[in-house]
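Protein chains in written order, with the working numbering: chain A, 604 to 772; chain B, 2 to 119; chain C, 245 to 454; chain D, 53 to 456.
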Amino acid sequence: MPDATGLELIAQDIREADPDAVLDTVFFRGRATLVVEPRAIRDVLETLRGKGYGFMASLHGVDYWPEEPRLGVIYELLDMDSVDRISVKVRVHTDRPHVDSVTDRWPTADHQEREVFDMFGVVFDGHPDLRRILMPEDYEGFPQRRDFPIGGEPVIFTFNEDHVPGYPD
Amino acid sequence: MLRSYLPALVFVGLGSLVGGAFALINSRLGPHRPARSKTDPYECGLPSEVKQDFRFGISFYLIAMLFILFDIEVIFLYPVAVQLKAFGTFALIETIVFIGLLTVALVYVWRRGALEWR
Amino acid sequence: MEIERHHSQDLLRGLSEEDLERHVEERVLTTTLDRALHWARGNSIFPMTFGLACCAIEMMAIVGSRVDVARFGFEALRATPRQADLIILSGRISIKMAPIIRRLYDQMLEPKWAIAMGACSSSMGVFNNYALVPADKFMPVDVHVPGCPPRPEALMHGIVKLRAQVLGDPDQGWRERYRAAGTEEVVDAPVEGAQADNVFVGRGGETSGA
Amino acid sequence: MSTPADIAAQPLRDRPDEELLTINMGPHHPATHGVLRLLVTLEGEVVRSCKPVIGYVHTGIEKTAEDKAYWKAIPVVERMDYLAYYFNAMTFCNAVERILDLQVPRRAQYLRVIHLELNRIMSHLVWLGTSALDLGAISMFWYCFREREKVLDLFEQSSGQRMHTRYIQVGGVIEDVPPGWADKVRAFCREMPRRVDQYAALLDRNEIVLRRLRNVAVVDEETLLGLGVTGPLLRAAGNPWDLRKAQPYSCYDEFDFRVPVGTVGDNYDRFKVRLAEFYESVKIVEQALEGLPEGPFITDDRKVALPPRHELSTSMEALIHHFKLVTEGYRVPPGEVYAPIESPRGELGVFLRSDGSAKPARVHMRDPSFVNLQVLPHMVQDGYVADLIASLAMLDPILGGIDR
């Protein structure tokens with residue numbers, strides 16, 4: 604893990620190349636996170652690849668519902684030689700959830716970006732085949748957003764067995 | 002002359018009898034509930050999109066033809082192998098010539114590359 | 245058994261002489277044939293290898309040597325619905341998989357039975373959420389095996405119970421068996437798009453779900 | 053004559069006589085190890101393109117976990133990769149312990165390692181049984197499932213349930229192992245290597261299996277790293293990346309074991325790497341059993357772990373803690389953590405975001421099979437359909453983990 608100062612140094616280098624790319628750096632329980640502008644995500648990943656983080660372990664979406672901008676996409680990078688991990692976070696609003704796709708430079712992001720699109724509705728521009736991957740093709744709604752109802756049926760007990768919606772009284 | 006063929010005839014008769022009986026019982030006693038989806042082609046649970054006029058590649062027929070050729074050869078060897086002592090050495094030489102001819106055919110086919118899957 | 249005896253007694257009371265004769269003679273003749281038929285069917289049901297999720301691993305375990313399903317004639321696990329007459333829904337049924345399972349069930353041999361193995365296929369089990377459908381919602385199920393995943397012995401108990409039901413029960417289509425007449429979804433004339441086995445009416449030509 | 057590779061060189065368009073057939077190797081297929089659907093474009097017997105379609109067993113586990121308290125989320129998360137259930141629970145508990153900054157007692161760490169390695173053995177057994185079944189060695193299925201029953205007996209004795217045991221709890225393990233358990237595990241560990249020798253004798257010198265696996269579906273290390281593949285697939289290509297050695301967790305650094313690594317990266321190497329991992333896991337279990345320290349099996353921090361029953365009748369604090377934990381569960385300070393561990397199929401990581409309440413705000417499981425599945429089209433390009441079946445068997449995808 605790059606320790607807190609290492610993270611600041613990396614943020615410093617990126618800021619030299621692109622002044623307002625890095626919005627914030629978070630260091631929590633030994634995990635370094637760079638919060639980055641959505642438009643600058645591809646260049647930041649390239650500079651991190653230059654610093655040795657050549658393996659993308661994971662790409663996943665988060666819904667920070669009460670806070671705005673609400674949808675987050677997190678890239679976990681790994682440096683196999685010096686066994687070092689860093690993560691890059693991008694925050695997008697729900698009304699224009701557009702992030703550049705990194706599938707051409709990082710092939711592992713293909714299915715994972717499709718899953719984030721399927722579950723959160725973040726549109727990855729430039730993705731070769733952006734379709735739903737887990738839900739049926741013609742499914743409306745993005746299930747893993749916090750405001751999407753969890754669904755399922757009410758469990759029937761003796762006290763509510765006679766007026767449960769959907770079951771004949 | 003007929004007597005020597007009796008076992009074969011009995012065998013064929015019995016086989017068709019038992020087979021026919023089972024088929025009849027199944028069709029007579031089994032339930033008949035024709036449903037439209039039963040007649041659809043089964044493609045791992047999905048509606049199938051294979052076009053009806055799809056023709057299989059030529060390689061399949063080639064391999065099938067070669068198989069039939071050499072399979073019949075083996076079938077001819079069975080009767081000879083069973084009664085080799087009775088037929089004497091003449092049949093032995095005859096069989097060797099027969100196998101030799103087919104080996105030539107095999108080598109030809111092999112060199113022409115029909116055996117590799119194309 | 246005594247339920248059937250009461251049933252047949254009040255049935256006979258109302259019959260006159262020759263109807264009584266014909267009824268008894270007909271019953272005696274068919275019962276022996278039926279019983280032989282059910283005996284043959286009960287002991288040679290071919291289950292379909294249909295592993296969905298975790299219960300599939302336990303379903304594979306019943307084919308193993310410790311809890312051997314071959315003792316009851318269930319061993320010939322068939323891969324295609326054309327040769328199988330029992331479908332064991334071992335695992336969670338997601339909404340994307342439901343139309344496919346319904347189609348498989350339709351394409352199975354008659355007479356056919358269905359076992360909903362595990363809590364997930366019987367009642368969405370642990371995951372009571374948007375993604376799952378209980379098996380009863382779209383197909384008739386004969387035996388529900390509880391457990392998550394049920395032990396191989398529990399599934400064996402379910403299979404033996406199904407076998408007992410088959411032996412004792414005259415063969416009926418599932419609509420007669422569950423008195424569900426009038427629930428036919430597939431009208432004879434294929435109405436455009438309204439197919440029972442396609443819960444999501446996909447666009448024509450394109451494979452639905454692809 | 054022209055081999056499939058030459059045919060691939062000719063563009064498809066100008067060979068009208070070659071009929072291309074697009075068919076579904078669909079959700080219900082005996083050889084897809086679960087409900088995986090492959091849209092395969094065939095030209096005779098040669099696979100021209102293969103597109104995996106998944107989602108047929110999607111159960112919304114991550115959404116359900118957000119609706120449960122932390123200790124209730126473990127059974128939900130455990131049912132994700134249903135052959136490596138100890139690993140799912142372990143990686144989830146790792147993440148929660150890292151946010152809580154909780155210290156797990158050494159005995160609990162050793163017990164966790166023993167159960168993880170036994171689970172790895174069981175997972176590889178099911179893989180070996182089903183993939184040998186695909187290659188035609190049907191009797192292997194019965195041998196492997198006989199061994200699997202022995203491992204499940206051990207799990208049942210230690211935790212009460214064969215599968216999805218929920219044995220690993222945040223802060224340690226739920227219960228200590230019963231007295232006779234360690235000897236049973238030693239007996240199993242003595243006998244297991246002999247069994248694996250028998251499997252190797254059956255399959256390794258079998259000419260059919262060798263011809264089916266050697267130089268088939270070779271993928272070089274560069275493509276694998278680009279696709280994010282980890283686990284036995286990556287190690288078979290020569291890259292010794294194993295999280296147990298690279299980033300040791302739960303005192304893995306105290307055991308010496310070797311990481312089996314292949315050379316060429318074909319199906320045969322993947323087969324041999326997993327076969328060698330049997331021996332390594334048995335070695336780890338034996339060393340962990342030797343060094344099993346005494347002491348508590350769960351953390352004694354009452355804020356997180358339930359107090360023992362006998363304490364409830366005497367101390368008031370224990371009763372309060374018990375009531376608080378059982379009703380609402382413990383609250384976790386807000387933060388985000390990514391905790392990866394080495395599952396039998398690769399790097400299994402949990403991204404956990406907590407917002408201070410008693411329910412996790414976001415649980416994302418980075419499943420190895422989900423990422424490794426992307427290498428399948430590269431493996432089967434321009435090969436035969438039979439090799440597609442063998443490659444899928446050697447890829448060892450678990451659809452529960454892929455579809456979550």
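For glycine and all other residues, C-beta sits at the position ideal for the given N, C-alpha and C.
Taking a Cβ-Cβ threshold of 8 Å, none of the residues of chain C is close to Thr351/D; the smallest such distance is about 26 Å. Per DSSP, reduced to three states, the secondary structure at Leu353/C is coil, with no helix or strand assignment. Assignment of Val51/B by DSSP, reduced to helix, strand and coil, places it in the coil class. Relative to Leu406/C, the option among Glu397/C, Arg423/C and Asp386/C whose CA is nearest is Asp386/C. A residue is called buried once 16 or more other Cβ atoms fall within 10 Å of its Cβ, and Gln426/D is buried on that count.
For the pair of segments examined, the stretch 98-109 of chain D was found not to touch the stretch 346-354 of chain C: the number of CB pairs separated by less than 8 Å stays below three. For Cys392/C, the secondary structure class from DSSP, reduced to helix, strand or coil, is coil. The stretch 315-322 of chain D makes contact with the stretch 269-280 of chain D, as at least three CB pairs between them are under 8 Å. Contact fails between the stretch 145-165 of chain D and the stretch 180-190 of chain D, because fewer than three Cβ pairs, one in each stretch, are under 8 Å apart. Beta bridge pairing from DSSP links Asn76/D with Leu91/D. When the beta-carbon positions are compared, Leu333/C and Met361/C come within less than 8 Å of each other.
Pairing Asn27/B with Leu281/C, the inter-Cα distance amounts to about 10 Å.
Residue-level contact check: Thr275/C does not touch chain B, since none of the beta carbons of chain B fall below 8 Å from its beta carbon. Taking each of Leu371/D, Glu95/D, Ile75/D and Thr116/D in turn and checking the Cα distance to Glu50/B, the smallest one comes out for Ile75/D. Burial is judged here by how many other beta carbons sit within 10 angstroms of a residue's own beta carbon; Leu264/C has fewer than 16 and is exposed.
Ranked by Cα distance from Pro420/D, the options Val156/D, Pro392/D, Ser443/D and Ser211/D are led by Pro392/D. Closest by C-alpha distance to Arg694/A, out of Arg708/A, Asp707/A and Ile677/A, is Ile677/A.
Contact residues of the stretch 119-141 of chain D toward chain C are Asp119, Pro127, Val128, Arg131, Tyr134, Leu135 and Tyr137 (C-beta to C-beta distance below 9 Å). Neighbours of Ile339/C in chain A, taken as residues whose beta carbon is under 9 Å from its own, are Met738, Pro739 and Tyr742 in chain order. Looking at the DSSP output, Arg34/B bridges to nothing. Contacts between Lys39/B and chain C, judged by CB atoms closer than 7 Å, involve Asp350 and Gln351 in chain order. Rounded to the nearest angstrom, the Cβ distance from Phe422/D to Gly453/D is 6 Å, consistent with a contact under 8 Å. In the DSSP secondary-structure assignment, Cys102/D is bridged to Val92/D. Look at the stretch 703-768 of chain A and you find these whole runs of beta strand (DSSP E), each 3 residues long or longer: 726-728. The beta carbons of Thr111/D and Leu376/C sit closer together than 8 Å.
Annotated three-state conformation of Thr697/A is coil, per DSSP.
Here Asp721/A is buried, its C-beta having at least 16 other C-beta atoms within 10 Å. Nearest in C-alpha terms to Leu428/D, of all of Val261/D, Thr84/D and Glu71/D, is Thr84/D. For Lys236/D, no pairing in a beta bridge is given by DSSP. Contact of Tyr374/C with chain A is assigned, a C-beta pair being separated by under 8 Å. Residues of chain B whose Cβ lies closer than 9 Å to the Cβ of Pro79/D are, in chain order, Cys45, Gly46 and Leu47. Rounded to whole angstroms, Phe23/B and Asp41/B show a C-alpha spacing of 26 Å.
With respect to the C-alpha of Val75/B, the residue from Leu30/B, Phe99/B, Leu7/B and Leu15/B having the closest C-alpha is Phe99/B. As far as DSSP is concerned, Gln161/D takes part in no beta bridge. Boundaries of the alpha helix (DSSP H) harbouring Val81/B: Ile59 to Val83, taken from the DSSP string. Rounded to whole angstroms, the gap between the alpha carbons of Pro752/A and Leu285/D is 39 Å.
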